[in-house]
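Residue numbers (the numbering used here): 8 to 244.
And the structure:
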């Protein structure tokens with residue numbers, strides 16, 4: 008029995024696990040190059056929307072969804088997608104398309120990380136992955152809601168972290184959809200989604216932003232209280 012255990016290959020030497028982990032690392036490096044090396048962020052602006060999206064009917068809507076999902080999947084700010092959605096389509100359709108694109112991009116990053124990186128990272132950093140599982144898996148809907156409501160939460164990190172954890176996808180993305188909505192509304196409004204005067208539009212957006220942030224903080228404190236954590240602990244997953 009002991010000889011059999013000794014003869015076992017170290018889990019990190021499994022070529023499939025190793026290749027998946029290396030591909031995930033290479034993907035993250037490529038994302039950094041796309042963002043900084045070729046200026047992908049600068050390519051998405053109102054001029055692109057005017058040329059390729061506005062007034063193009065279903066084609067424009069589909070293109071916006073596809074490009075928006077890619078933008079979110081590689082870690083660009085979702086607020087930019089929401090702003091351009093409001094600019095291109097108005098409030099109602101802009102909110103729907105921006106929220107859909109955000110969820111599509113988040114799911115893509117989540118499942119990519121789960122397929123390519125979970126086995127590798129779980130074997131390489133079992134303690135960290137266990138803490139991540141403990142943080143997310145107990146109440147995935149609420150934890151997703153807290154993450155998405157926070158203005159300081161980095162979407163790509165949250166999507167990859169959730170992907171390599173054992174969190175259930177359905178409640179996590181249900182919570183994500185609810186948590187995404189307030190800021191989606193805020194930035195769609197700022198993009199021109201409602202025909203209000205600029206002052207009213209800005210004030211309403213600011214109020215919604217503050218409300219969503221306060222709600223996220225309140226949920227986070229409730230979570231820590233339920234876990235019996237003091238105020239200065241529980242911030243690390």
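Glycine included, every Cβ here is placed at the ideal spot set by N, Cα and C.
query, result
"Test item: CB-CB of residue 113 and residue 157 under 8 angstroms", "no"
"Buried or exposed by the 16-neighbour rule on C-beta atoms within 10 Å, applied to residue 105", "buried"
"Cutoff 7 angstroms; reference residue 181; Cβ partners in own chain excluding five residues on either side", "148"
"Where the alpha helix (DSSP H) through residue 88 begins and ends", "85-96"
"For residue 127 and residue 213, the rounded distance between their alpha carbons", "42 angstroms"
"Own chain, CB closer than 8 angstroms to residue 222, minus 5 neighbours either side, in chain order", "156 and 189"
"Of the residues 170, 79 and 70, the one placed nearest residue 122, counting alpha carbons only", "170"
"Assigned secondary structure, residue 53 (DSSP; H/G/I helix, E/B strand, else coil)", "helix"
"First through last residue of the alpha helix (DSSP H) which encompasses residue 183", "176-197"
"Close beta carbons around residue 165, own chain, < 7 angstroms, minus the five adjacent residues each side", "154"
"Straight-line Cα distance separating residue 129 from residue 96", "43 angstroms"
"Endpoints, the alpha helix (DSSP H) within which residue 166 is located", "162-171"
"Supposed contact pair residue 80 and residue 116 - C-beta distance, whole angstroms, cut 8 angstroms", "5 angstroms"
"C-alpha gap between residue 73 and residue 65, whole angstroms", "12 angstroms"
"Test: residue 139 CB closer than 8 angstroms to a CB of chain C", "Chain labels in this structure do not include chain C; a single protein chain is all it has."
"Extent of the continuous alpha helix (DSSP H) run through residue 77", "64-80"
"Cβ neighbours of residue 45 in the same chain (closer than 8 angstroms, five flanking residues each side left out)", "In this prediction, residue 45 scores a pLDDT of 49, lower than 50, which makes its location untrustworthy; the coordinate-derived value is nonetheless stated afterwards. If we look at residue 45 and ignore the five residues flanking it on each side, it has no Cβ neighbours."
"Residue 226 versus residue 102 - alpha carbon distance", "24 angstroms"
"Where residue 124 falls: helix, strand or coil (DSSP)", "helix"
"Residue 216 vs residue 90 beta-carbon contact at 8 angstroms", "no"
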